[in-house]
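What follows is a set of notes on a single structure, which appears directly below.
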Amino acid sequence: KRQEFMLAFDQINQNFQDIFAELSHGHGKLELEHPEDPFAGGLVIRAQPRDKKMQRIEALSGGEKSLTALSFVFAFQRFAPAPFYAFDEVDMMLDGSNAERLARMVKSQSATAQFVAVSLRRPMIENADHAIGVSLRADGYSRVVGIREIHIPDEEQKPEPQPV
Amino acid sequence: KRQEFMLAFDQINQNFQDIFAELSHGHGKLELEHPEDPFAGGLVIRAQPRDKKMQRIEALSGGEKSLTALSFVFAFQRFAPAPFYAFDEVDMMLDGSNAERLARMVKSQSATAQFVAVSLRRPMIENADHAIGVSLRADGYSRVVGIREIHIPDEEQKPEPQPV
Amino acid sequence: MRIKEIELDNFKSFGKHTLVPLLDGFTTISGPNGSGKSNIIDSLLFALGLSSTRSMRAERLPDLLNNLSGKNEARVTVRFLNNDNETLEVSRRIRVKENSYTSTYWLNGKTATLTEIHEELMKYNVSPTGFNVIMQGDVTGIVTMSATERRKIIDELA
Amino acid sequence: MRIKEIELDNFKSFGKHTLVPLLDGFTTISGPNGSGKSNIIDSLLFALGLSSTRSMRAERLPDLLNNLSGKNEARVTVRFLNNDNETLEVSRRIRVKENSYTSTYWLNGKTATLTEIHEELMKYNVSPTGFNVIMQGDVTGIVTMSATERRKIIDELA
Ligand SMILES: Nc1ncnc2c1ncn2[C@@H]1O[C@H](COP(=O)(O)OP(=O)(O)OP(=O)(O)O)[C@@H](O)[C@H]1O
Ligand SMILES: Nc1ncnc2c1ncn2[C@@H]1O[C@H](COP(=O)(O)OP(=O)(O)OP(=O)(O)O)[C@@H](O)[C@H]1O
Ligand SMILES: [Mg+2]
Ligand SMILES: [Mg+2]
Chain A
1 KRQEFMLAFD QINQNFQDIF AELSHGHGKL ELEHPEDPFA GGLVIRAQPR DKKMQRIEAL
61 SGGEKSLTAL SFVFAFQRFA PAPFYAFDEV DMMLDGSNAE RLARMVKSQS ATAQFVAVSL
121 RRPMIENADH AIGVSLRADG YSRVVGIREI HIPDEEQKPE PQPV
Chain B
1001 KRQEFMLAFD QINQNFQDIF AELSHGHGKL ELEHPEDPFA GGLVIRAQPR DKKMQRIEAL
1061 SGGEKSLTAL SFVFAFQRFA PAPFYAFDEV DMMLDGSNAE RLARMVKSQS ATAQFVAVSL
1121 RRPMIENADH AIGVSLRADG YSRVVGIREI HIPDEEQKPE PQPV
Chain C
2001 MRIKEIELDN FKSFGKHTLV PLLDGFTTIS GPNGSGKSNI IDSLLFALGL SSTRSMRAER
2061 LPDLLNNLSG KNEARVTVRF LNNDNETLEV SRRIRVKENS YTSTYWLNGK TATLTEIHEE
2121 LMKYNVSPTG FNVIMQGDVT GIVTMSATER RKIIDELA
Chain D
3001 MRIKEIELDN FKSFGKHTLV PLLDGFTTIS GPNGSGKSNI IDSLLFALGL SSTRSMRAER
3061 LPDLLNNLSG KNEARVTVRF LNNDNETLEV SRRIRVKENS YTSTYWLNGK TATLTEIHEE
3121 LMKYNVSPTG FNVIMQGDVT GIVTMSATER RKIIDELA
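Chains as they are written, first to last, in this note's numbering: chain A, 1 to 164; chain B, 1001 to 1164; chain C, 2001 to 2158; chain D, 3001 to 3158.
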């Protein structure tokens, strides 16, 4: 039981280090509070953004926390892939360059899993294979349209959906 | 005591209705759970977005909750103005047109109070009188520059700060 | 394996029967505030039994019925397609009567318990703790959760 | 009345002494993730005694000292200017010694208690519950807080 846990942990840790470096250009790793008896302690995330000292994770900025959390999710996914991932505005705190880096990583991870991401952000929409538009009609009901041609938001404005 | 409370409540409620209508094009109002004895109950927000039925406030979308919350803050401010308000990314869930509406309201409220808003959003930066840029230097320390010329982000990218 | 389509019937703001077809790869969902994007995410949580009623922003299950249409039930069906083109179908319906309501799950057309749904989905690493669905505002929760909670996520795998 | 400037000395990522001048009207603060924008907001909360240590993302006050510079104290001063061009100055310093630390407030150059700072700021409707500062991720909290908590905000005024 403990052996299986350590196998999973080591692999996810290695994934986390690679992915965190790619997303943030910093250094990160996972640690067990009790390496000798993992189930007696928790799992801690160590994250060091570029040019900075290792920081308490709670002190990280909103964008840095988002990238750290997503690195953990992707690390987990590479170890135990699921058929789909559905993300609701996980890029909301990211600046332009981090949003772009995340979008490219979702794109590359989507080779092994289906990704559905609710997003108003241009980098996410530009990197996607497909786009769905949602709107509320005057009758008060939500409707969905598939979008053939993606109109990129000028600044976070909804793309103009063209019915499929 | 109760009379002073009701005076404040009625005024803030009126402010809330006006501001909520302007920000969301919907209808909103404040209600007391115990109007006869206010201190025996709480203060409830009723919010009805355009084209929709009155909804439990918890069911509102992220953007709708943000506008509802900010309407309450501005309603409060009009009744009991403070010298400054400091907002950290309160527009993060807003779509383009709501972000624009909010930015214009902050601009108009700034006639009676100083507003400092951390934001990566173009509408906010475009409507501001002044802009400050923050960056982390290679030595790991944060620095601040005042910006004379505002470069609008192409998509949420940091504006290029020009030292004052 | 991937989701082939999500069928929403009277669920939250989707008062009109709606089919959301999904292709493989990377899809974005966009639209104005309040249009229904997060409600689509909620429909996945609802049908697959992945979260509490509160996490779908409802106080009780009947809150999930569209409040304009006057209908007394809501249903969501998620159809998966695996690599051999076989379908896996999970469906859930809330039906409201005078003073009560029922919640029914179906797995491939037969009624099923939530436990049976969870066991089937677990074979594909789909579970409430597997990060398959990250809700609006929740992403940083992975960083702020306790160290023990985070370790238990890996326990589930091993 | 408005803030004229915020002076940061060794506070969080501002290891170098920094003056943030502020003009009247509407100012935005922008920059990349992790550059220090929210830390400026934290510096206002810190100096004016408006929030808990945890709300500034620190576990204990010494966490607020810049962790690169090696200095043993951090200080933030906020200078207000009123309509008659008179200055109101609030300052706070954390000084760390071997196993302990001190937190000192000044009001217009004289040491003061947190209560005295709060009483002075309350004259201008600046208080922990007055929404003067809304932190990152917190805006929807106004909607999700309990009805009683929300009513108490108005109690404070009356
Ligand atoms: N049972 C219901 N019947 C009808 N409408 C509902 C019901 N439950 C929620 N809604 C409405 O659905 C809307 C929320 O939709 P949703 O959260 O999906 O929006 P969104 O597209 O994610 O917006 P945002 O970009 O702001 O996050 C709200 O306006 C809410 O009033
Ligand atoms: N005591 C400290 N010494 C040095 N650096 C610190 C200290 N406390 C926090 N930091 C650093 O400050 C950075 C966070 O800054 P801040 O939260 O102000 O960023 P931000 O500009 O608001 O970013 P975002 O756009 O992502 O919200 C983190 O990288 C954190 O490591
Ligand atoms: Mg949403
Ligand atoms: Mg921030």
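Glycine is no exception: its CB is placed at the ideal position from the N, C-alpha and C atoms.
Just so it is clear, the structure is predicted and the values come from calculations on it, not from any experiment.
Check your understanding: So, helix, strand or coil for D:Gln3136, using DSSP?
Key -> For D:Gln3136, the secondary structure class from DSSP, reduced to helix, strand or coil, is coil.
Exercise for review: May I ask you to verify whether the region 3023–3034 of chain D touches the region 81–98 of chain A, counting CB pairs closer than 8 Å and requiring at least 3?
Suggested key: In short, these stretches touch, since the Cβ pair count reaches three.
Exercise for review: Taking only the alpha-carbon atoms, compute the straight-line gap between D:Ser3051 and C:Arg2002 and give it to the nearest angstrom.
Suggested key: Straight-line Cα distance between these residues: approximately 47 Å.
Check your understanding: According to the Cβ coordinates, are B:Lys1065 and D:Val3143 closer than 7 Å?
Key -> For the 7 Å CB-CB criterion, B:Lys1065 and D:Val3143 form a contact.
**Study point:** Whole-angstrom C-beta distance between A:Arg46 and A:Lys29, which should lie under 8 Å
**Key:** Going by Cβ atoms, the distance from A:Lys29 to A:Arg46 rounds to 5 Å, so yes, they are a contact pair.
Exercise for review: Run the CB neighbour count on A:Ala82, radius 10 Å, all protein chains shown included, and call it buried at 16 or more, exposed below.
Suggested key: A buried status is given to A:Ala82, since no fewer than 16 other beta-carbon atoms sit within 10 Å of its beta-carbon.
Practice item. Return the CA-CA distance between D:Asn3067 and A:Gln55, expressed in angstroms with no decimal places. Key: Put simply, the backbone Cα of D:Asn3067 is about 9 Å away from that of A:Gln55.
Exercise for review: State the Cα-Cα distance for the pair D:Thr3113 and A:Leu43, rounded to the nearest angstrom.
Suggested key: Distance between D:Thr3113 and A:Leu43, taken at the CA atoms: about 41 Å.
Review point. Would you report the Cα separation of D:Pro3062 and B:Phe1009, rounded to the nearest angstrom?
Key: So the alpha carbons of these two residues sit roughly 41 Å apart.
**Study point:** Those residues which DSSP pairs with D:Pro3128 across a bridge
**Key:** In the DSSP output, where bridge partners are listed per residue, D:Pro3128 has none listed.
Check your understanding: Is the closest heavy atom of ligand 2 to the C-beta of D:Lys3037 under 6 Å?
Key -> Short note on D:Lys3037: C-beta closer than 6 Å to some heavy atom of ligand 2.
Review point. Hey, would you say C:Asp2024 sits closer than 7 Å to A:Gln109, going by beta carbons?
Key: Contact flag unset, no.
Check your understanding: Counting contacts by CB-CB distance shorter than 7 Å, is B:Gly1028 in contact with chain D?
Key -> Cβ-Cβ to chain D under 7 Å: no for B:Gly1028.
Point to revise | Short Cβ contact (7 Å threshold) for D:Arg3095 with D:Thr3102 | key: Cβ atoms of D:Arg3095 and D:Thr3102: closer than 7 Å.
Exercise for review: Quick one: list the residues of chain D neighbouring B:Ala1117, beta-carbon separation under 9 Å, in chain order.
Suggested key: Chain D residues near B:Ala1117: Phe3026, Thr3027, Thr3028 and Ile3029.
Check your understanding: So who's on the other strand from C:Thr2077, going by DSSP bridges?
Key -> The partner list for C:Thr2077 (beta bridge, DSSP) reads C:Glu2007 and C:Ser2091.
Exercise for review: Measuring only between beta-carbons, confirm whether C:Arg2057 sits less than 7 Å from chain B.
Suggested key: At least one chain B Cβ lies under 7 Å of C:Arg2057.
Review point. How would you call A:Met124, buried or exposed, if buried means at least 16 neighbouring beta carbons within 10 angstroms?
Key: Classification of A:Met124: buried, given that the 10 Å Cβ count is 16 or more.
**Study point:** chain B contact residues for D:Ile3041, given Cβ-Cβ distances below 9 Å
**Key:** Chain B residues near D:Ile3041: Ala1086, Phe1087, Asp1088, Val1116 and Val1118.
Check your understanding: Residue range of the alpha helix (DSSP H) that A:Ser24 falls in?
Key -> Arg2 to Ser24 is the extent of the alpha helix (DSSP H) around A:Ser24.
**Study point:** Interface residues of chain A facing B:Lys1065 [CB-CB closer than 9 Å]
**Key:** Those within 9 Å of B:Lys1065 in chain A number zero; the least Cβ separation is about 13 Å.
Review point. Buried or exposed: A:Pro35, going by 16 or more other Cβ atoms within 10 Å of its Cβ?
Key: Exposed, since its Cβ has fewer than 16 Cβ neighbours within 10 Å.
Check your understanding: Nearest CA to the CA of D:Phe3046: which residue from D:Val3139, D:Val3090 and D:Phe3026?
Key -> Nearest of D:Val3139, D:Val3090 and D:Phe3026 to D:Phe3046, Cα basis: D:Val3090.
Exercise for review: Provide the residue(s) that pair with B:Gln1114 in DSSP beta bridges, ordered along the chain.
Suggested key: In the DSSP secondary-structure assignment, B:Gln1114 is bridged to B:Phe1084.
Check your understanding: Ends of the beta strand (DSSP E) at D:Ile3160?
Key -> Limits of chain D in this structure are 3001 at one end and 3158 at the other, which puts residue 3160 of chain D out of reach.
Review point. Between the Cα of D:Val3139 and the Cα atoms of B:Ala1021, B:Ala1086, B:Ile1012 and B:Gly1146, which residue gives the shortest distance?
Key: Comparing alpha carbon positions, the residue from B:Ala1021, B:Ala1086, B:Ile1012 and B:Gly1146 closest to D:Val3139 is B:Ala1086.
Check your understanding: Which class does C:Gly2109 belong to by DSSP, given the choice of helix, strand or coil?
Key -> Residue state for C:Gly2109 is assigned as coil, using DSSP reduced to three classes.
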